[in-house]
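Residue numbers (our numbering): 179 to 356.
Just so you know, even glycine gets a beta-carbon here, dropped at the ideal spot from N, CA and C.
Every value quoted in this text rests on a predicted model; they were computed, and no experiment measured them.
A short write-up of the structure that comes next.
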Ligand SMILES: [Fe+2]
Ligand SMILES: [Fe+2]
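Following this line, the structure appears as structure tokens:
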């Protein structure tokens, strides 16, 4: 099960909204890696491909995914809020609530996934908990990402001035040490 990170990203820091969408594609891919490991192996032995896939997905959500949340909550959403009405602000509040809602699921996946890697197998009840947590994360992200991609980012494109978008891009670059 080779892990594909995806096509070369189309967005650079000069195109922050595209870069955020590229991140969404990586989130979807790594959630699908977690789903495949959990469903195919059900807590059993992992061959090298499954181990590598599981490890890459855990590392992604432990590090890169947190930066994506910060990109939205600290860079994009505050600027969009300043130019939006109450209806849009309420939607941004709900999206931020989603970010908080997925945290316990990520913590559980991290704990069980690392245990699986360390011990080589998971007890059946832990394998079930892992599969359930991944399934719940996929459901939340499917709705959340669809709203951001189809509605929030186009709104940002329409409402934010070029220099505001450029500032978002600079902050995203700084978050990655670039
Ligand atoms: Fe988000
Ligand atoms: Fe997002």
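First and last residue of the uninterrupted alpha helix (DSSP H) at residue i
i	result
residue 205	194-219
residue 308	302-325
residue 348	340-353
residue 329	No alpha helix (DSSP H) holds residue 329; DSSP gives it neither H nor E.
Three-way DSSP call (helix, strand, coil) for residue i in this model
i	result
residue 229	helix
residue 224	coil
Close Cβ partners of residue i (< 8 Å) along its chain, the five nearest in sequence each way excluded
i	result
residue 293	300, 304
residue 338	257, 258, 261, 346
residue 225	none
residue 369	Coverage of the chain is limited to positions 179 through 356, which leaves residue 369 absent and any answer about it impossible.
residue 223	298, 299
residue 325	269, 273
Integer-rounded CB distance, given that residue j should sit under 8 Å from residue i
i	j	result
residue 347	residue 192	6 Å
residue 322	residue 276	5 Å
residue 280	residue 318	6 Å
residue 393	residue 274	The question about residue 393 has no answer here: the residues shown for the chain are numbered 179 through 356.
residue 356	residue 245	About 12 Å; that fails the 8 Å criterion.
Same chain, Cβ closer than 7 Å to residue i, five either side skipped, listed in chain order
i	result
residue 311	283, 286, 287
residue 335	195
residue 302	221
Proximal residues to residue i (C-beta, below 6 Å), its chain only, five neighbours per side dropped
i	result
residue 308	216, 290
residue 212	235, 312
residue 201	246
residue 316	209
Which runs of the alpha helix (DSSP H) spanning at least 4 residues fall entirely within the stretch 237-298, listed in chain order? 243-248, 255-260, 264-279, 281-297
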